[in-house]
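As numbered in the UniProt record's numbering, residues 1 to 303 make up the sequence shown, in order.
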Amino acid sequence: MNHRVVTVFGGTGFLGRRVVRRLRAGEFFVRIASRHPERARKLFGSDDPQLQSVEANIHDERAIADALAGAYGVVNAVSLYVEQGRETFHSVHVESARRVAAQAHRAGVERLIHVSGIGSDVASPSLYIRKRGEGELAVRAAFTDATIIRPAVMFGPDDAFLTTILKLLGRLPIYPMFGRGLTRLQPAYVEDVAEATARVLQGTETHPITFECGGPRVYSYEEFLRVVAHEAGLKPKLIPIPFAAWHALAWFAEMLPSPPVTRNQVELMQVDNVSSPEMPGFGELGISPYSVEEMLQEILWDH
């Protein structure tokens, strides 16, 4: 077993690609396991001898086992936000998470980090949140000492959250809010979450632990929209729209090939996305997280 090899499932994704870069900066040999290895070569080039790109489908036991051969650590950063065909919340967040954890245990991998999300709860009425919670239990059942990282909603230059809000604020003079804009959010900068993941792997703790990674400030959804609009020099009129209306709209939208809003997203916006003060987080890993205000100008520049 090579103590410097870490396999990253989902290593070409929004968080995964940043985890790969942080691990390389920490002098790990990184094996990027994804369904599209050519994406990894585009993202990272092919001239780094400490980076290996392998094709691996998380629904395939054999492919997972091959990707884990001889690895010291594994990061499962695979996530799904819209169900499509066999890619369901259950198949990805529960079955495949269990598969990766079980194969990691079988291969003698020492460290497993499973990326979940704040609020994961097996009792939630939201299918997405429920399956995230079931996934955590499945991972711990298969790999007792797994570390679970629960980020708050993440933002960054190429995200699907903040950049979408910026686009809509720029285009719509009247902005329809989810409910009355009271849902609480604690957005985390994606690079901070990637750094947290790398630091966990560099640390010596091997007992099961869960980190909740929320940014430095808690906003109501309305406050968040006003902060983003202000930083972008915009003055939209914010109009509250009842969640029942959003659910109906999303039901119709899901009939489209690329729905602009899904019922799952509406359900997520009805639940506070805030870290628990009782849970370890960025502070315990020695990270001072960046705020939305600090990073917004850079994101606006890219945008």
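No residue lacks a Cβ here, since even glycine has one placed at the ideal position from N, Cα and C.
Enumerate in chain order the residues of its own chain whose CB-to-CB distance from residue i is below 8 Å, with the five nearest sequence positions on each side excluded.
i, result
"residue 154", "14, 15, 161, 187, 188, 189, 190 and 193"
"residue 263", "247, 250, 251 and 254"
"residue 124", "130, 133 and 271"
If distances are taken between C-alpha atoms only, which option among the options comes closest to residue i?
i, options, result
"residue 241", "229, 234, 232 and 221", "221"
"residue 248", "238, 236 and 261", "261"
"residue 69", "54, 82 and 83", "54"
"residue 271", "114, 42 and 128", "128"
"residue 201", "40, 10 and 73", "73"
"residue 44", "215, 19 and 206", "19"
"residue 117", "175, 199, 210 and 8", "210"
"residue 213", "285, 180, 250 and 294", "285"
"residue 94", "85, 114, 106 and 105", "114"
"residue 75", "39, 28, 89 and 38", "28"
"residue 77", "34, 52, 268 and 273", "34"
"residue 294", "217, 101 and 172", "217"
"residue 152", "223, 119 and 183", "119"
"residue 6", "225, 39 and 71", "71"
"residue 265", "46, 179, 277 and 30", "179"
"residue 204", "182, 224, 146 and 56", "146"
"residue 166", "10, 84, 88 and 231", "231"
"residue 9", "51, 56, 42 and 39", "56"
"residue 184", "219, 243, 215 and 226", "219"
"residue 177", "138, 170, 273 and 225", "225"
"residue 105", "289, 139, 46 and 227", "139"
"residue 274", "259, 233 and 215", "215"
"residue 144", "170, 168, 101 and 40", "101"
"residue 259", "31, 84 and 36", "84"
Since residue i is in the alpha helix (DSSP H), which residue starts that stretch and which ends it?
i, result
"residue 73", "No alpha helix (DSSP H) contains residue 73, which is instead part of the beta strand (DSSP E) from 73 to 76."
"residue 20", "16 to 25"
"residue 249", "243 to 253"
"residue 212", "First-last for residue 212: 209 to 213, but that is the beta strand (DSSP E), not the alpha helix (DSSP H)."
"residue 128", "127 to 142"
"residue 165", "162 to 171"
"residue 228", "221 to 231"
"residue 105", "97 to 106"
"residue 200", "190 to 202"
"residue 115", "Careful: residue 115 lies outside any alpha helix (DSSP H), inside the beta strand (DSSP E) at 111 to 115."
"residue 265", "263 to 268"
In or out: residue i buried (at least 16 other Cβ within 10 Å) or exposed?
i, result
"residue 111", "buried"
"residue 108", "exposed"
"residue 103", "buried"
"residue 49", "exposed"
"residue 207", "exposed"
"residue 82", "exposed"
"residue 255", "exposed"
"residue 164", "exposed"
"residue 1", "Reliability of the predicted coordinates at residue 1 is poor, the pLDDT of 49 falling under 50, and no value is obtained from them."
"residue 296", "buried"
"residue 12", "buried"
"residue 181", "buried"
"residue 268", "buried"
"residue 122", "exposed"
"residue 257", "exposed"
"residue 289", "buried"
"residue 17", "buried"
Locate the beta strand (DSSP E) running through residue i, then write down its first and last residues.
i, result
"residue 257", "First-last for residue 257: undefined, no H or E at that position."
"residue 9", "5 to 9"
"residue 150", "147 to 151"
"residue 177", "174 to 178"
Taking 6 Å as the limit between beta carbons, can you name the residues of its chain near residue i, skipping five residues before and five after?
i, result
"residue 141", "none"
"residue 174", "237 and 239"
"residue 148", "114, 116, 136 and 210"
"residue 280", "211"
"residue 292", "187"
"residue 4", "28 and 29"
"residue 67", "7, 33, 54 and 56"
Going by beta carbon distance, what residues of the same chain come within less than 7 Å of residue i, once the five residues before and after it are set aside?
i, result
"residue 99", "58, 61 and 64"
"residue 195", "22 and 287"
"residue 198", "19, 22, 23 and 26"
- Message: To test your reading of the DSSP string, which unbroken beta strand (DSSP E) runs of 3 or more residues are found completely within the region 29 to 63?
- Response: 29 to 34 and 51 to 55
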